[in-house]
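Student: Can you keep this structure in mind? I'll have questions shortly.
And the structure:
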């Protein structure tokens, strides 16, 4: 039953991500700035054919391969229960997967990812809702693994 809730969580992330991208494309011209919270962030519609900081631009096959491998690893772990992940860590993985799926849908449907959030207080690339879930999920997963999941780091000695 836990996996059903995680799948629904990931699907919800995809739905919110795709909805915000739809609203962006429908209401903002390409590269147009729309102020939202002065000094904090504004919306700028950008078409990103790469990954973070536009790295690996045009390598859609690489992103599809990585996403397919991630999907296979999640399914394998769900079936075999090979990794000693806690419930919190599994929720983080669901957030990462939902964000990745949202961006993969864009790549397959459009050939690029729709980005729209640009922060004003630091110099950072334009990003989207899916990117937020991917980054926050990764950070929380790493913090939880390092600080709270001693079982994950246990070295099993073979006798």
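Residue numbers (my numbering): 1 to 159.
A virtual CB, placed ideally from N, CA and C, is assigned to each residue, including glycine.
Report the rounded CA-to-CA distance for residue 13 versus residue 154, giving the unit in angstroms.
Tutor: Approximately 33 angstroms between the Cα atoms of the pair.
Student: Helix or strand or just coil, what does DSSP make of residue 159?
Tutor: The predicted position of residue 159 is uncertain, since its pLDDT is 48 and thus under 50; a value taken from the coordinates is nonetheless stated next. Here residue 159 sits in coil by DSSP.
Student: Can you give me the Cβ contacts of residue 122 inside the same chain, cut-off strictly under 7 angstroms, excluding the 5 residues immediately before and after it?
Tutor: Within the same chain, residue 122 has no close Cβ partners at all.
Student: With a threshold of 6 angstroms on Cβ separation, who are the neighbours of residue 21 within its own chain once the five nearest residues in sequence on each side are excluded?
Tutor: Contacts found: 114.
Student: In three-state DSSP terms, what is residue 17?
Tutor: The answer is helix: DSSP assigns residue 17 an H, G or I state.
Student: Select from 10, 152, 25, 83 the residue whose C-alpha is nearest the C-alpha of residue 110.
Tutor: Ranking the options by Cα distance to residue 110, first place goes to 25.
Student: Report yes if the C-beta distance between residue 29 and residue 45 is below 9 angstroms; otherwise report no.
Tutor: The answer is yes: Cβ separation under 9 angstroms.
Student: How big is the Cα-Cα spacing for residue 146 and residue 15?
Tutor: So the alpha carbons of these two residues sit roughly 31 angstroms apart.
Student: Taking the alpha carbon of residue 116 as the reference point, which residue from 128, 2, 97 has its own alpha carbon closest?
Tutor: Of the candidates 128, 2, 97, the one whose C-alpha sits nearest the C-alpha of residue 116 is 128.
Student: Can residue 18 and residue 112 be called in contact, C-beta distance under 9 angstroms?
Tutor: Cβ atoms of residue 18 and residue 112: not closer than 9 angstroms.
Student: So, does the stretch 128–140 touch the stretch 94–104, judging by three or more C-beta pairs under 8 angstroms?
Tutor: Yes, they touch.
Student: Under three-state DSSP, which class holds residue 89?
Tutor: Three-state DSSP puts residue 89 in a helix.
Student: Is residue 77 helix, strand or coil when you go by DSSP?
Tutor: Reduced to three states, the DSSP call for residue 77 is helix.
Student: According to the neighbour-count rule (16 or more other Cβ atoms, all chains shown, within 10 Å of its Cβ), is residue 74 buried or exposed?
Tutor: With 16 or more Cβ atoms within 10 Å of its Cβ, residue 74 is classed as buried.
Student: Can you tell me the Cα-Cα spacing of residue 9 and residue 72, whole angstroms?
Tutor: Those two C-alpha atoms are separated by around 19 angstroms.
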